[in-house]
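Numbering (the numbering used here), first residue to last: 1 to 171. Positions of the beta carbon are idealized from the N, C-alpha and C atoms, including for glycine. Just so you know, these numbers come straight off a predicted model, no measurement behind them. Take a look at the structure below.
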């Protein structure tokens with residue numbers, strides 16, 4: 001099964017809002033769980049060499065209503081809003097999203113330069129990062145040409161399926 005076929009399968013499962021999908025074909029196994037998957041996790045004993053760390057999401061912040069203050073805070077000034085990072089792209093900007101769950105790497109090795117930096121011009125098909133999933137290093141290619149405006153994922157950090165990685169200004 002090719003990488004493109006796996007990507008199509010992930011998109012199909014996500015679009016159909018299926019919580020979990022398993023496929024076994026000619027010795028190849030794929031197990032896809034989407035955001036619709038319940039949070040109940042079944043644990044299976046694995047050999048110690050195959051145990052992978054599990055990261056849990058931080059608890060959500062307390063609701064705003066629970067915070068008691070005696071005076072209202074002023075609305076943010078233009079300087080405050082301009083300096084805050086915005087993960088959402090504007091109408092002219094597009095995002096490159098993660099096609100899988102894994103670990104995001106900006107370069108091919110610790111002593112290698114990053115594939116792209118902010119301000120770089122890329123062409124469709126250029127490698128922009130690597131995502132490691134189950135000990136496999138998958139080169140992620142740009143699906144459009146343009147200029148890198150923002151890098152949204154931290155190097156050597158976990159990423160989710162469909163998580164925005166880069167903001168692109170299309171060419």
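Three-state secondary structure (DSSP) at residue i?
{"i": "residue 16", "result": "coil"}
{"i": "residue 131", "result": "strand"}
{"i": "residue 4", "result": "helix"}
{"i": "residue 10", "result": "helix"}
{"i": "residue 102", "result": "strand"}
{"i": "residue 117", "result": "coil"}
{"i": "residue 92", "result": "coil"}
{"i": "residue 97", "result": "strand"}
{"i": "residue 112", "result": "coil"}
{"i": "residue 26", "result": "coil"}
What's the C-alpha gap between residue i and residue j?
{"i": "residue 21", "j": "residue 33", "result": "7 Å"}
{"i": "residue 14", "j": "residue 143", "result": "19 Å"}
{"i": "residue 162", "j": "residue 151", "result": "15 Å"}
{"i": "residue 105", "j": "residue 139", "result": "10 Å"}
{"i": "residue 172", "j": "residue 119", "result": "Not covered by the structure: residue 172. The range shown for the chain is 1 to 171."}
{"i": "residue 121", "j": "residue 146", "result": "6 Å"}
{"i": "residue 123", "j": "residue 109", "result": "22 Å"}
{"i": "residue 130", "j": "residue 170", "result": "21 Å"}
{"i": "residue 19", "j": "residue 25", "result": "20 Å"}
{"i": "residue 23", "j": "residue 5", "result": "12 Å"}
{"i": "residue 136", "j": "residue 125", "result": "20 Å"}
Find out if the Cβ-Cβ distance for the pair residue i, residue j is shorter than 8 Å.
{"i": "residue 159", "j": "residue 102", "result": "yes"}
{"i": "residue 127", "j": "residue 148", "result": "no"}
{"i": "residue 167", "j": "residue 92", "result": "no"}
{"i": "residue 133", "j": "residue 100", "result": "yes"}
{"i": "residue 165", "j": "residue 97", "result": "yes"}
Could you name the residues of the same chain whose beta carbon sits closer than 8 Å to that of residue i, not counting the 5 residues immediately before and after it, in chain order?
{"i": "residue 156", "result": "103, 104, 105"}
{"i": "residue 28", "result": "1"}
Residues in its own chain within less than 6 Å of residue i by CB, not counting five upstream and five downstream?
{"i": "residue 9", "result": "none"}
{"i": "residue 111", "result": "none"}
{"i": "residue 141", "result": "125, 127"}
Beta-carbon within less than 7 Å of residue i's beta-carbon, same chain only, minus the 5 sequence neighbours each way: which residues are those?
{"i": "residue 3", "result": "138"}
{"i": "residue 107", "result": "113, 114, 115"}
{"i": "residue 12", "result": "none"}
Return the chain-ordered ranges of every beta strand (DSSP E) run that is complete within the segment 129-171 and spans a minimum of 3 residues.
136-141, 146-151, 157-159, 164-170
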